[in-house]
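Q:
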Amino acid sequence: MNLPPDKVKLLGQYDNEKKWELVCDQERFQVKNPPSAYIQKLKSSLEQGGGRKLKRRVQESTQVLRELEISLRTNHI
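If you count the sequence shown from 1, position 35 lands on 35 in this note's numbering, and the numbers rise without skipping.
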């Protein structure tokens, strides 16, 4: 876990059982799709280009960008 110094100090005050609970909780929040996965989706969408209607491509790209924004906000890089 990447923690700021004040959180490390607080963590040191917890007993071993509480620390273990935190470790188990951390494992549940592992990255499902890292930001690079969304970048790759955008690249492949741009490379495919034609064939699909412009409106559909814009909608798909917008959705991928929203997902990328969330991923960057919630995942440690």
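Backbone N, C-alpha and C fix where the C-beta goes; we use that ideal spot for every residue, glycine too.
#1: Could you give the DSSP three-state label for Lys-32: helix, strand or coil?
#2: Taking Cβ to Cβ, would you say Pro-41 is nearer than 7 Å to Val-64?
#3: Compare the beta carbon distance of Leu-72 and Pro-35 with 7 Å and say whether it is the shorter of the two.
#4: Along the chain, where does the alpha helix (DSSP H) that runs through Leu-3 open and close?
A: If we stick to the structure as given:
#1: coil
#2: Checking the sequence shown, residue 41 turns out to be Lys, not Pro. Against a cut-off of 7 Å, the Cβ pair of Val-64 and Lys-41 comes out as a contact.
#3: yes
#4: Where Leu-3 is concerned, there is no enclosing alpha helix (DSSP H), given that its DSSP letter is neither H nor E.
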